[in-house]
Amino acid sequence: MKNITNKQASKNRKEIIITGTIVARGIQAILLLCLFYGLVQTMVFGQEIDTLLLLMMGSSLVTLELALCKEKEPENGHEN
Numbered sequence: 001m002k003n004i005t006n007k008q009a010s011k012n013r014k015e016i017i018i019t020g021t022i023v024a025r026g027i028q029a030i031l032l033l034c035l036f037y038g039l040v041q042t043m044v045f046g047q048e049i050d051t052l053l054l055l056m057m058g059s060s061l062v063t064l065e066l067a068l069c070k071e072k073e074p075e076n077g078h079e080n
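Listed below in structure tokens is the structure:
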């Protein structure tokens, strides 16, 4: 058996960094699943779902995507 010290064990662990982009992508995934569920319920099963809710989920997806795209664009004033 190997004797592993705490310092060696901590080197082997990978840290998980939670950023705003990861959180936004997670919210997008949840919204997309809810939107898909609502559309399936409406089209396949014929159940009525509030269209305002679907519209709000769709607009939230677009808003998050635009915010993430804007975040990635380089600023025009900075040249390398």
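Going by my numbering, the sequence shown opens with residue 1, and the numbers climb by one from there. Cβ atoms here follow ideal geometry from the backbone N, Cα and C, with glycine treated the same way.
Could you check which residue in M43, S60, I18 has the C-alpha nearest to that of L52? Nearest of M43, S60, I18 to L52, Cα basis: S60.
Inspect the beta-carbon positions of L66 and A24 and report whether they are closer than 8 Å. No. Outside cutoff.
Kindly indicate which three-state DSSP category I44 falls into: helix, strand or coil? It is worth fixing the name first, because residue 44 is Val in this sequence and not Ile. V44 falls in the coil class under three-state DSSP.
One question on the structure: do I30 and G38 come within less than 8 Å of each other, judged by their Cβ atoms? Not a contact, by the Cβ cut-off of 8 Å.
For G58 versus L33, is the C-beta distance shorter than 8 Å? Going by C-beta atoms, G58 is not nearer than 8 Å to L33.
When you compare the CB positions of L64 and I22, do they come within less than 8 Å of one another, or not? Taking 8 Å as the cut-off, the beta carbon of L64 is found no closer than this to the beta carbon of I22.
Backbone CA spacing between V40 and I16 [nearest angstrom]: Each residue's alpha carbon lies about 35 Å from the other.
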